[in-house]
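For what it's worth, the numbering used here labels the leading residue of the sequence shown as 526, then goes sequentially. Beta carbons: idealized from backbone N, C-alpha and C, even for Gly. Structure first, commentary second.
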Amino acid sequence: MKNFFFFLTFLIVASVSAQNLSGKAYYESKTTVDMDRFGSREMSEDMKKQIMERMKSYLEKTFILTFNGTESLYKEEEKLETGQGGGGFGMMMGSFTPGAQYKNLEAQQILEEREFFGKEFLINDSIPQLNWQVGKESKQIGQYLAIKATAIKQ
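See below:
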């Protein structure tokens, strides 16, 4: 029914001082919908275009990861509302909106904001301990060497 296209833009601005790594990463997510399958085939091209414009703010999002050596905060970039309502689609998408996620490695804690059908929840959880196995595969990404590691979550 939907044709998903995920585009990830990764930009890191990092500063390194005495083994203290910190910075910000920006992620861009875009989803497309095949209007021929989503809506009626009898819908005019103009009407399809109007619907896509209304849904654009729900289908294109930017996320920001702010981090240092022990903490990280991952959240959606805040944007001003344009005043164009997405109608029922906006209500449906807003019902399952993931909120900000905070992790503290020293305290082994995850805090996550969730909105579910108009009610806001704060989920407090611990970070699960994983047994990582470092593999032999590696890849050069820019000036960094990435080494494959796997863990099995039980």
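Cβ contact check for the region 628 to 648 and the region 594 to 606: 3 or more pairs under 8 Å: Segments in contact, yes.
Limits of the alpha helix (DSSP H) - the one that Asp-571 falls within: Taken as a continuous stretch (DSSP letters only), the alpha helix (DSSP H) holding Asp-571 covers 570 to 584.
Residue of Ser-547, Glu-585, Gly-624 and Leu-546 minimising C-alpha distance to Thr-556: The residue with the shortest Cα to Cα distance from Thr-556 is Glu-585.
Whole-angstrom distance between Val-659 and Leu-605, CA atom to CA atom: Straight-line Cα distance between these residues: approximately 44 Å.
Nearest-angstrom beta carbon gap, Phe-588 and Ser-554 [assumed within contact, 8 Å]: By a beta-carbon distance limit of 8 Å, Ser-554 contacts Phe-588. Their separation comes to about 7 Å.
Contacting residues, own chain, Cβ-Cβ under 7 Å from Leu-670 (five flanking each side not counted): Cβ neighbours of Leu-670 beyond the five flanking positions: Ser-663.
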